[in-house]
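Residue numbers (my numbering), protein chains in the order written: chain A, 1 to 182; chain B, 1001 to 1136. From the three backbone atoms N, C-alpha and C, an ideal C-beta is built for every residue, glycine too.
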Amino acid sequence: MVRLCKSEWRRARVQAQRLADLARLRRVRDRIDREYAQPLNVEALARDVNMSAGHLSRQFRAAYGESPYSYLMTRRIERATALLRRGDLSVTEVCFAVGCASLGTFTTRFTELVGMPPGAFRRQAADAADAVDAAAGHADAAGTARDAGSAIKVEGMPACVAKQVSRPVRNREAMADAQTLA
Amino acid sequence: MEITIHTTALPHDDPDASLAFYRDVLGFEVRSDVGQGKMRWITVGPAGQPGTSILLAPPGADPGITEDERRTITEMMAKGTYGWILLATPDLNALFEKVQAGDSEVVQEPTEQPYGVRDCAFRDPAGNLIRIQELR
Chain A
1 MVRLCKSEWR
11 RARVQAQRLA
21 DLARLRRVRD
31 RIDREYAQPL
41 NVEALARDVN
51 MSAGHLSRQF
61 RAAYGESPYS
71 YLMTRRIERA
81 TALLRRGDLS
91 VTEVCFAVGC
101 ASLGTFTTRF
111 TELVGMPPGA
121 FRRQAADAAD
131 AVDAAAGHAD
141 AAGTARDAGS
151 AIKVEGMPAC
161 VAKQVSRPVR
171 NREAMADAQT
181 LA
Chain B
1001 MEITIHTTAL
1011 PHDDPDASLA
1021 FYRDVLGFEV
1031 RSDVGQGKMR
1041 WITVGPAGQP
1051 GTSILLAPPG
1061 ADPGITEDER
1071 RTITEMMAKG
1081 TYGWILLATP
1091 DLNALFEKVQ
1101 AGDSEVVQEP
1111 TEQPYGVRDC
1121 AFRDPAGNLI
1131 RIQELR
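Listed below in structure tokens is the structure:
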């Protein structure tokens, strides 16, 4: 029978607790991925795993490099780009469809992550789609179509790659004062 | 030259839990099961496709992996950022219902993606991301 000395045993216990805590954070992150379109907020997420909102935010950031609020908003913007690309929904409709209750917050965060406001993104996607259609019979126009859609062309890529490249770049930290979701 | 993709490995941290998931939830057949305790190597795969297997393996078993690296691997598994695989099925809804009926953690309900696929995602018991794409 193996006998661990006291300090080894303590270290093993600390590590087991750490893994359990990380698994809890994983469940929070997965819930954001699953339910981002719901009116989620950090308080509700924290309550679900018996943590305070502040503790959850700190732990989540330590594990994943950004706050749960930032992760949630990025997930929403990512989905918003997909819906805007479809072209059949207005910016306001898309904003609500991805779980944002405030058009202002949505537009600000969208612009930060994508590099242009959602309305401009939607127009550019529509132009790119038109250009691709027009190019169908004119090989010369293909280059133009490619330029027009350069930021957002994902057709033909393997799905997993398209998901990676179309994910908004996290180029800013979450807003420090954004404790609740709009 | 003919090459097939024969076996791909996913880590486990509780061999019995992972075995139950792949066998009972996904319906895979068990092709071999060697080792004991946490050091078990379990080969599973879809019935009727003997040429393609998933090996459920203990993480960090390579003796060249340091203690620090092993700890990082187990932490990434717990965080859900380590192993992942992409499966496909013609009937995504049926498979999703089956997985959801168990106590597996759902990451994404069946969703139409902008890049032209419909897929869903969930976790296996070790925290690996299992993404499933609809064949159409």
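Could you check whether residue j and residue i sit closer than 9 Å to each other, using their CB atoms as the reference points?
i	j	result
L1135(B)	T1089(B)	yes
V98(A)	A44(A)	no
K1079(B)	G1127(B)	yes
D1124(B)	Q1133(B)	no
T1043(B)	L1055(B)	yes
Y243(A)	R29(A)	In the structure displayed, chain A extends from 1 to 182; residue 243(A) sits before or after that span and is not available.
A186(A)	A62(A)	Since the displayed chain A opens at 1 and closes at 182, residue 186(A) lies outside it and no answer follows.
L226(A)	Q59(A)	There is no way to answer for residue 226(A), as the model of chain A reaches only from 1 to 182.
C95(A)	T108(A)	no
E118(A)	A80(A)	Before going on, a small fix: residue 118(A) reads as Pro here, not Glu. Cβ distance < 9 Å, so P118(A) and A80(A) count as in contact.
Measure from the alpha carbon of residue i to the alpha carbon of each residue in the options, then state which is nearest.
i	options	result
P1046(B)	P1125(B), T1007(B), R1070(B)	T1007(B)
S90(A)	A63(A), R58(A), A125(A)	A125(A)
A101(A)	R75(A), L40(A), A12(A), C5(A)	L40(A)
S57(A)	A80(A), L22(A), A12(A), R10(A)	L22(A)
K110(A)	A63(A), A131(A), A82(A)	Here the sequence assigns Phe to residue 110(A), which means Lys is not the residue at that position. With distances taken between Cα atoms, F110(A) lies closest to A82(A).
E1002(B)	I1065(B), Y1115(B), L1092(B), G1051(B)	G1051(B)
P1011(B)	S1032(B), L1129(B), A1057(B), T1074(B)	A1057(B)
L19(A)	L1019(B), E1075(B), G1083(B)	E1075(B)
P68(A)	G87(A), E35(A), C5(A), F96(A)	E35(A)
Q1113(B)	A134(A), D48(A), D133(A), E78(A)	E78(A)
E1029(B)	G1037(B), V1117(B), S1018(B)	S1018(B)
Q15(A)	S1053(B), D1068(B), A1121(B)	D1068(B)
D1024(B)	L1095(B), P1110(B), A1121(B)	L1095(B)
A1121(B)	M1077(B), L1086(B), R1070(B)	L1086(B)
D88(A)	R123(A), D48(A), A131(A), V42(A)	R123(A)
List the residues of chain B that residue i touches, going by C-beta distances under 8 Å, in chain order.
i	result
R34(A)	V1106, V1107, Q1108, E1109
D30(A)	G1080, E1105, V1106, V1107, R1123
A82(A)	Q1113, P1114
L22(A)	E1075, A1078, K1079
R85(A)	P1114
For residue i, return the contacting residues in chain A, with the cut-off set at a CB-CB distance below 7 Å.
i	result
T1074(B)	L19
G1037(B)	Result: empty, since nearest Cβ-Cβ is about 12 Å, beyond 7 Å.
What's the C-alpha gap between residue i and residue j?
i	j	result
G104(A)	R76(A)	14 Å
F121(A)	E93(A)	15 Å
V1099(B)	Y1022(B)	10 Å
R1031(B)	P1015(B)	15 Å
Q183(A)	I1130(B)	The question about residue 183(A) has no answer here: the residues shown for chain A are numbered 1 through 182.
N50(A)	A129(A)	47 Å
A141(A)	Y1082(B)	Bear in mind that the predicted position of A141(A) carries a pLDDT of just 45, short of 50, making it too unreliable to give a figure here.
D1013(B)	R85(A)	41 Å
E1097(B)	W1084(B)	20 Å
D1033(B)	M1039(B)	11 Å
D133(A)	V1117(B)	21 Å
W1041(B)	A1009(B)	10 Å
P1110(B)	S7(A)	47 Å
R10(A)	T1066(B)	21 Å
L1092(B)	D33(A)	19 Å
D127(A)	T74(A)	25 Å
L72(A)	Y1115(B)	21 Å
G1048(B)	I1005(B)	15 Å
A135(A)	A1020(B)	52 Å
D48(A)	A131(A)	48 Å
V42(A)	C5(A)	41 Å
H55(A)	R1070(B)	27 Å
G115(A)	E66(A)	19 Å
Starting from residue i, find everything on chain B with Cβ-Cβ shorter than 9 Å and list it in chain order.
i	result
L45(A)	Those within 9 Å of L45(A) in chain B number zero; the least Cβ separation is about 15 Å.
What residues of chain A sit near residue i, judged by a beta carbon separation below 8 Å?
i	result
G1102(B)	The contacting residues do not exist; G1102(B) stays about 15 Å from chain A at best.
G1127(B)	A23, R26
What in chain B is Cβ-close to residue i, meaning under 7 Å?
i	result
L190(A)	Coverage of chain A is limited to positions 1 through 182, which leaves residue 190(A) absent and any answer about it impossible.
A63(A)	K1079
Compute the minimum distance between the beta carbon of residue i and the heavy atoms of the ligand SAM, and state whether it is under 8 Å.
i	result
D1013(B)	The ligand SAM is not among the ligands present in this structure, which contains no ligands whatsoever.
Do three or more CB pairs link the region 1058 to 1067 of chain B to the region 1095 to 1113 of chain B at distances below 8 Å? Fewer than three beta-carbon pairs drawn from the region 1058 to 1067 of chain B and the region 1095 to 1113 of chain B are found closer than 8 Å, and the two stretches are therefore not classed as touching.
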